[in-house]
Amino acid sequence: MILSLATSPIWKFLPLEEPRKAGMANSLINFSNEIAVKVRDEDAQAENGNCNKNGPEGTNPRMDSRIKKGTGGWKSATFVLANQGLATLSFFGVAVNLVLFLTRVLNQESADAANSVSKWTGTVYLFSLVGAFLSDSYWGRYLTCAVFQLILVAGLGLLSTTSWLFLIKPTNCGDGEIDCMPTSSVGIAIFYSSIYLVAFGYGGHQPALATFGADQFDEANGAFFAYFYFALNAGCLFSNTLLVYYEDTGRWTLGFLVSLGSAVIALLSYLVGTRGYRRVKPCGNPLPRVAQVFTATAKKWNVVPPHPNDLYEVEGTESAIKGSRKILHSNELEFLDKAATITETDLHGPKSPWKLCTVTQVEEAKCVLKMLPIWLCTIIYSVVFTQMASLFVEQGDVMNTKIGNFRLPAASMSVFDILSVFSCTGLYRRVLVPLAGRLSGNPKGITELQRMGVGLIIGMLSMVAAGATEIERLKHTRPDQKSSSLSILWQIPQYVLVGASEVFMYVGQLEFFNGQAPDGIKSFGSSLCMASISLGNYVSSLLVNMVTGITARGNNPGWIPNDLNSGHIDRFYFLIAVLTAFDFVLYLFCAKWYKGINLIEDGEIKETGNNKQGKDQDSVQMMNRV
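In terms of the numbering used here, the sequence shown is residues 190 to 815.
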């Protein structure tokens, strides 16, 4: 354990009348063994015994070399990447053109459609928390991915059927020229049920799949997350070109059927790789563990924590949390150290993890709290990102979409975002990382926190570019025409900038949250990236409602009216740019304060890329006692 209780001067922190050192030492040793057994037994009960199994299905891949042979690696990761690309194609076949489906087929107003899409997209990524919880706690990542893909297939099947039977009447309506017949309340109810099934399936699938792919490697593999995001955009490329073209010309049902076929192929390809996957079974519900830390802290609120060397930790190299490596004590949020402080009551009273927690358990709770400020600062960026699926599409739809004799669907402009992601990913890995590595001495080039900061800046510039494009578009409008004469190609800079910002922000987020999350909550770490997108969509919807309510008064159409030619969405874009600038300043303070997690593996301190503080004297003393 971190401290040798027989030789630690812990009695000076306890309200004893006399030292009784020899007796105290024996009591502490016995107490340590008893509480360790208690913690492990409760954890095992929460896990239903899953983590007590040996081999590839019962251990952490970084803690048992027996599972490295014959499973995992890039061969298995390739199946995961293929699954990501195909599942993304099926999802974005619905998502990318949903705002136009709502306005053209269901006859919603522009602001209402933008809000509906924002809420739906927000729900998609909010469901990622559900998937992460089930993955970490009960089902494991493999089963979670399979179950939620089945739900995705069911949702797409229902959507295709509903579109064919109830919504697309007459055939090929909703192409911008032929109006669709009013839809029955039953048809609308089934439609919304189907798209929220799609949201539930894709949202729950994503965080588990990202972490499942990372599990295929013995150590954190930054290249995997870059390829994972690359696969996501490869799926988007097909859905944002061919599928969007079919849907934009009124063949909505065909587009949804192609999405359904892609989801089925994704599920089958995922199952084909089953034998070669490296699987880590769940290690219990993390919520009680975190609750135990806060409960123990509250019970010992008036206790002064001792020196970090004298805090409680179990003996041996493994932590009390099955399947999780030990975490070294950190100096942040030290009030939580009260939970790991041994008092006389702990020595002589009932043994319970609700009264005394290990250092690793306390640090797990600290990790969650320390990541939250960083996570909150990413929400405004997600407001920037969500404009690409709503207002960017509506803006492009009232521009000149003809290139020669070909009519370019407004939603297809997101292909420039995808191409930007592809090119910027290559430039980042081939040019920026080596160059920055030579200048900074960091083999990664720049840290994940620095990448996310750069992403915020580029995202802010994309809103400025979008606002400038809208100003120019309004100059080319005529009172008797719906569309401006300005070419839709003027939108290219804003899409390219959003794509460049994604490479820095979202890939950085995936690496950061997955790397900083303790072993017991890895999927939760991955889900934070998706949850950021979720709240970003809800904040975007809130902003639209607030702006509409403030600016659309009396005879004033407001900034985002149904007829965009009479509005000023350029001002809305600039408002988001200003909010992003304020968010960046706040992010700088949070990133400067953040200190990364330090794991103990094979008797060595494993520092994370965002920490690298070096081994101070206290750390060395603790390691000498492991």
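A virtual CB, placed ideally from N, CA and C, is assigned to each residue, including glycine. Predicted model only: the values in this text are computed from it and were never measured.
Are residue i and residue j closer than 8 Å when you measure CB to CB?
i, j, result
"residue 417", "residue 402", "yes"
"residue 454", "residue 386", "no"
"residue 570", "residue 694", "yes"
"residue 452", "residue 618", "no"
"residue 459", "residue 272", "yes"
"residue 489", "residue 527", "yes"
"residue 439", "residue 364", "yes"
"residue 435", "residue 722", "no"
"residue 321", "residue 715", "yes"
"residue 391", "residue 574", "no"
"residue 588", "residue 672", "yes"
"residue 347", "residue 379", "yes"
"residue 776", "residue 561", "no"
"residue 437", "residue 286", "yes"
"residue 428", "residue 707", "no"
"residue 616", "residue 634", "no"
What distance in whole Å lies between the Cβ atoms of residue j and residue i, which are believed to be in contact at a cut-off of 8 Å?
i, j, result
"residue 649", "residue 771", "In fact, because the Cβ distance is near 10 Å, the residues do not count as touching under 8 Å."
"residue 586", "residue 688", "Not really, about 20 Å apart at Cβ, beyond 8 Å."
"residue 641", "residue 769", "13 Å between Cβ atoms; not a contact."
"residue 552", "residue 753", "Residue 552 to residue 753, Cβ: 51 Å. No contact."
"residue 277", "residue 457", "Not a contact, Cβ separation roughly 16 Å."
"residue 543", "residue 484", "5 Å"
"residue 685", "residue 614", "Residue 685 to residue 614, Cβ: 13 Å. No contact."
"residue 426", "residue 604", "6 Å"
"residue 601", "residue 433", "5 Å"
"residue 647", "residue 690", "4 Å"
"residue 407", "residue 469", "Not really, about 12 Å apart at Cβ, beyond 8 Å."
Alpha carbon to alpha carbon, how far is residue i from residue j?
i, j, result
"residue 709", "residue 491", "30 Å"
"residue 464", "residue 471", "19 Å"
"residue 515", "residue 557", "16 Å"
"residue 349", "residue 424", "19 Å"
"residue 625", "residue 493", "44 Å"
"residue 383", "residue 467", "33 Å"
"residue 698", "residue 579", "23 Å"
"residue 444", "residue 629", "48 Å"
"residue 224", "residue 638", "Bear in mind that a pLDDT of 48 at residue 224, under 50, signals an unreliable position, so the model cannot answer this."
"residue 274", "residue 531", "51 Å"
"residue 683", "residue 675", "15 Å"
"residue 312", "residue 504", "43 Å"
"residue 759", "residue 661", "10 Å"
"residue 329", "residue 784", "29 Å"
"residue 306", "residue 678", "24 Å"
"residue 599", "residue 572", "20 Å"
"residue 242", "residue 540", "Residue placement at residue 242 is poorly supported in this model, since its pLDDT is 37, which falls under 50; the coordinates are not used for a value here."
"residue 481", "residue 509", "13 Å"
"residue 525", "residue 786", "16 Å"
"residue 449", "residue 356", "18 Å"
"residue 730", "residue 478", "35 Å"
"residue 778", "residue 564", "13 Å"
"residue 210", "residue 511", "Summary for residue 210: the model assigns pLDDT 38, below 50, so the residue's position carries little reliability; its value from the coordinates is reported in the next sentence. Rounded to the nearest angstrom, the two C-alpha atoms are 33 Å apart."
"residue 335", "residue 269", "12 Å"
Nearest CA to the CA of residue i: which residue from the options?
i, options, result
"residue 486", "419, 673 and 522", "522"
"residue 310", "746, 728 and 748", "728"
"residue 430", "609, 597 and 670", "597"
"residue 834", "513, 529 and 768", "What the structure shows of the chain is the stretch from 190 to 815, and residue 834 is not part of that stretch, so it cannot be assessed."
"residue 733", "764, 721 and 722", "764"
"residue 567", "623, 643, 609 and 500", "643"
"residue 354", "376, 326 and 541", "376"
"residue 326", "712, 474 and 564", "474"
"residue 788", "724, 321 and 704", "704"
"residue 663", "623, 686 and 755", "755"
"residue 293", "761, 751, 501 and 782", "751"
"residue 324", "374, 399 and 749", "399"
"residue 536", "745, 616 and 501", "501"
"residue 658", "761, 744 and 726", "761"
"residue 476", "506, 449 and 550", "550"
"residue 507", "498, 499 and 517", "517"
"residue 736", "308, 749 and 366", "749"
"residue 389", "343, 498, 372 and 419", "343"
"residue 496", "548, 447 and 533", "548"
I'd like to know whether the C-beta of residue i is nearer than 8 Å to at least one C-beta of chain C.
i, result
"residue 565", "You won't find chain C in this structure, because it holds only one protein chain."
Which runs of the alpha helix (DSSP H) spanning at least 4 residues fall entirely within the region 563–628, listed in chain order?
-> If one requires a minimum length of 4 residues, the alpha helix (DSSP H) runs lying completely within the region 563–628 are 568–575, 580–586 and 604–616, in chain order.
Any chance you could list the beta strand (DSSP E) runs of at least 3 consecutive residues sitting entirely within the region 499–575, in chain order?
-> For the region 499–575, there is no continuous beta strand (DSSP E) assignment of 3+ residues that stays within its boundaries.
Can you list the alpha helix (DSSP H) stretches of 4 or more residues lying completely in the region 411–462, in chain order?
-> Counting whole runs of 4 or more residues, the region 411–462 contains the alpha helix (DSSP H) stretches 411–427, 433–437 and 441–461.
Taking only runs that begin and end inside the region 682–760, name each unbroken alpha helix (DSSP H) of 4 or more residues, in chain order.
-> Fully enclosed alpha helix (DSSP H) runs of no fewer than 4 residues occupy 711–740 of the region 682–760, in order along the chain.
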